[in-house]
Amino acid sequence: MTLILSVFLGALLAAAFCVYTVRTAGMRRALTVIPAVGVTAAVAAAEGALQYLSVPAHGLLQPVLLLQGLLCPAWLLFGLAYARGFSWQGLSLLNRLLLFASFIPALLVVLFPVSRFLFLPDFTLEQVIYLEPLAFSLYLLIILFLLVALGNLEATLRNARHSDRWRVKLALVGGGTVLMAHVLFYSQGLLHRSIDMNYGGLRTAGSMLGIAMLFFAELRRESGRVTVTGRFALRSTVVLLAGVYLIGLGIAREGVRHFGSEFERHAAIGLLFLLGLAVVLVLLSERVRRRLRIWLQRNFYQDKYDYRSQWMEFTRRLAGVRGMDELTRTVLLHYCEAFGFVGGAWFAADHETQGRVTAGEYYEMDEPQVMPESIDFSLIMELQAPVAIPVLKDRLAAAGRMEEAGCLDFVRATRAEVVVPVAAGDSFEGLLLLGPAIDRSEAYDTEDFELMDAMAHEVGLTVKSFRLGNELAAAREMEAMGKVAAFVLHDLKNQVYTLSLVTENARDFIGEPDFQADMLESLENTVTKMKVLITQLKHLPDAGSLRLAPVDMHELVRKAALQVPGVRLVVQGPQLVAAVDEEQIEKVFVNLFLNAVEAGGDRPVTVTTVQQPVFSVSVRDSAGGIDRDILRRGLFKPFRSTKRRGMGIGLYHCKKIVEAHGAALHVRNRPGEGAEFVIEFAPQQEKPQSAGNGGAKGASV
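Each residue of the sequence shown is one higher than the last, beginning at 1199 in the working numbering.
Written as structure tokens, this is what we have:
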């Protein structure tokens, strides 16, 4: 009865896992996972039926042998596919040959009769199957292919990145548990030339445990996080210990009743197997390994860290990076591995705007909804060393600067526990956010923060070198553009002069009026476009070249909109007057409107004027926002266009015009909705003027 119950529970567990995998992972991934679990459950059911019937039924023996043979391709496919980007074209020639060869055991069962494999003298008295020479070869092949599958699981675990290892670790150990249970069960055939089916219950229990681990890993991967209170956790632990104690008593009693004096041997084997599995899990646990390493360092060594090995490994990794993106990933990975954090984030300093950072690079860390570009990080930039979040809060309160708690709220939203400012001398280069800790009970002290700070100085120097290199490259690009522009200007001037002569002569000598009109229109358009291009390439305004005068911003916006066909403009906010160069600021609005129309089509473009707390004008579209990679690389840098055929100087030109007015231009990105470009002017002496009807809120053009 116990055998039937265990087989039934195993089949039920396997069926639940298969259904869940199909519903959540998709059919393609399910086809690489379900065969292994399904064949394992079928083997347990078939062997259980063989034991229960207690008859040497050759009609049942052949399906049992066939299912045992199918374990090889099923688990080999699982080992090659699970947690990998599996495709038949991506398999190496060796793996393809192994996958084909894994069908040999099943093919042998089909080609030869059962009598060539097994000999059953009296299966009713002793449930032992004696093996013929061909069966010895069969089980040898099965064990070899299962070990190959086990090797693939180990390779997957060893090559998994730090961020992926904890996700797949439990599933891979579960699969290895199933494989080792079968290897141990079938290895008795190699030692004794017979298989004692009485050990089938232990093999089934090991398989059920492995499938349960695999199932739990899939559930944990797909489900969200659950927070449990301390009181409930204590109660659940007590209930678990009591349940384990009662279940252990029941198992011991049933074991003595069923196995008699042989129970001790079975229990010892089972306990050794579970002990080995526990050791494997402990050795693969990042939390346990970190606790053990720290305990050894603190109790047997003078320092918590082996600074020489830490520094050598860190500098070796930095020496191999070839760009800012690779540097960011390398630094975050090393900090997480060295200090035991789950994830981290990097934010480079925006050297054009004081107290601001660029879009962040996140590594296994929650990305908040708030854009970091909109938050003032001046307080964190003033820090001279890494600091824990509670200490940062205390410093805010002690300095009476809780109004700057926006940066603290942002850091908390990422679930970070430590902030590491990164500087190169007096130049602030960015900041690192680290957390949460793998071991939540670990307390970081001065020794941890000093090593973090030492590494941060090295990171700062490396970041600065990359930044200066990029600035040098940009300067060389501008120099190259100036040289190219000189040739372009020379050619364009000649063309404009020639076209002007053609236009002038055509008015006097071409006799056909229709032809004259078409020619004049096309020539004048060409001349106009060339002059605009010359102006864009040649002229970047500065403060000394501006002609400032009081300008009504609403009127200027409407005037600029007339130059952009198809724009649907909505103007909101009070009617304000600012001292600007009307021609130059009009170019800025025209460029922003053109970008909004090209990105969003006929969707409305909203212009909002604000007096308090900052005098500003914003242009907001509904085109879905700007890609984060573009923002991270720099939206206002020259030659960085968001358009397929753009020159990459439009927004750069706009920023230079705005900065020449002593103002600032920045973007607020709303992914999925749109982008908002905000011009923040210096404090104006002119007071806001209300229109006769109380303003222009909601006016449409």
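Beta carbons: idealized from backbone N, C-alpha and C, even for Gly. All values derive from a computational prediction rather than experimental measurement.
| query | result |
| --- | --- |
| Go through its chain and collect everything with a Cβ distance to Val-1529's Cβ below 6 Å, but skip five positions before and after it. | Val-1657 |
| Would DSSP call Ala-1214 helix, strand or coil? | helix |
| Taking only three categories from DSSP, how would you classify Arg-1451? | The predicted position of Arg-1451 is uncertain, since its pLDDT is 48 and thus under 50; no value can be drawn from it. |
| Taking contact to mean at least 3 C-beta pairs separated by less than 8 Å, is the segment 1532-1551 in contact with the segment 1613-1629? | yes |
| Taking C-alpha atoms, which residue in Arg-1391, Ala-1557, Pro-1566, Phe-1537 lies nearest to Leu-1649? | Phe-1537 |
| Name the DSSP beta bridge partners of Asp-1750, please? | Val-1775 |
| On a CA-only basis, which of Met-1653, Lys-1662, Ala-1242 is nearest Phe-1626? Give me that one, please. | Lys-1662 |
| Any idea what DSSP makes of Tyr-1561, helix, strand or coil? | strand |
| Taking only runs of the beta strand (DSSP E) that begin and end inside the segment 1346-1407, which ones reach a length of at least 3 residues, in chain order? | 1392-1394 |
| Does the segment 1573-1593 come within contact of the segment 1510-1517, defined as at least 3 CB pairs closer than 8 Å? | no |
| Report all residues from its chain with a CB closer than 8 Å to the CB of Leu-1274; omit the five preceding and five following residues, and keep chain order. | Leu-1296, Leu-1297, Ser-1300, Phe-1343, Val-1346, Ala-1347, Asn-1350 |
| Under 8 Å by Cβ, that's how I've got Leu-1339 and Arg-1314 pegged, so tell me the actual separation to the nearest angstrom. | Their Cβ separation, rounded to whole angstroms, is 15 Å, which puts Leu-1339 and Arg-1314 out of contact at 8 Å. |
| Might you give, ordered along the chain, the residues of its own chain that have their beta carbon closer than 7 Å to the beta carbon of Val-1279, omitting 5 neighbours on each side? | Inspection of the sequence shows that residue 1279 is occupied by Ala rather than by Val. Excluding sequence neighbours, Ala-1279 sits near Thr-1230. |
| If we ignore side chains and look at the alpha-carbon of each, how far apart do Tyr-1328 and Leu-1388 end up? | 11 Å |
| How is Tyr-1328 classed by DSSP in three states: helix, strand or coil? | strand |
| Does the pairing of the segment 1855-1862 with the segment 1802-1809 give three or more beta-carbon distances under 8 Å? | no |
| Excluding sequence positions up to five away, which residues of its chain have a Cβ less than 7 Å from the Cβ of Ala-1861? | Ile-1877, Glu-1878, Phe-1879, Ala-1880 |
| What number of angstroms, rounded off, separates the C-alpha of Ala-1641 from the C-alpha of Asn-1793? | 51 Å |
| Anyone know if the C-beta pair for Val-1540 and Ile-1636 falls short of 8 Å? | yes |
| Would you say the segment 1409-1418 touches the segment 1371-1383, given that touching needs at least three Cβ pairs under 8 Å? | yes |
| Could you pull out every residue in the same chain whose Cβ sits closer than 7 Å to the Cβ of Val-1437, ignoring the five residues on either side in sequence? | Caution is warranted here: a pLDDT of 38 is assigned to Val-1437, below 50, making its placement in the model unreliable, and no coordinate value can be reported. |
| Quick one: grab the DSSP three-state call for Pro-1233. | helix |
| Per DSSP, Ser-1625 is paired with what? | Ala-1622 |
| Since I believe Thr-1612 is in contact with Ala-1543 (beta carbons under 8 Å), could you give me their beta-carbon distance rounded to a whole number of angstroms? | 6 Å |
| Beta-carbon within less than 7 Å of Pro-1811's beta-carbon, same chain only, minus the 5 sequence neighbours each way: which residues are those? | none |
| Where DSSP assigns a beta bridge to Leu-1631, which residues make up the other side? | Ala-1543, Val-1617 |
| Apart from the five residues just before and just after Gly-1267, which ones in its own chain have a Cβ nearer than 6 Å to its Cβ? | Pro-1303, Ala-1304, Val-1307 |
| Under 8 Å: do the segment 1778-1795 and the segment 1744-1764 share three or more Cβ pairs, one atom per stretch? | yes |
| For the alpha helix (DSSP H) holding Gly-1872, just list the boundary residues, first then last. | No alpha helix (DSSP H) holds Gly-1872; the beta strand (DSSP E) holding it covers 1872-1878. |
| Any idea what DSSP makes of Gln-1287, helix, strand or coil? | coil |
| If I measure Cβ to Cβ from Leu-1289 and keep anything under 8 Å in the same chain, skipping five residues before and after, which residues do I get? | Leu-1278, Leu-1297 |
| Going by DSSP in three states, Ser-1663 sits in which element: helix, strand or coil? | helix |
| Give me, in chain order, the residues of the same chain whose beta-carbon lies closer than 7 Å to that of Leu-1377; leave out the 5 immediate sequence neighbours on both sides. | Trp-1273, Leu-1344, Ala-1347, Leu-1348 |
| Measure from the alpha carbon of Arg-1801 to the alpha carbon of each residue in Glu-1871, Leu-1746, Thr-1726, Pro-1271, then state which is nearest. | Glu-1871 |
| Who are the near neighbours of Leu-1248 in its chain, counting only those whose CB is closer than 8 Å to its CB and skipping five residues on each side? | Ala-1255, Leu-1258, Leu-1259, Val-1262, Met-1395 |
| Between Ala-1777 and Pro-1634, what straight-line distance do the alpha-carbon atoms span, to the nearest angstrom? | 50 Å |
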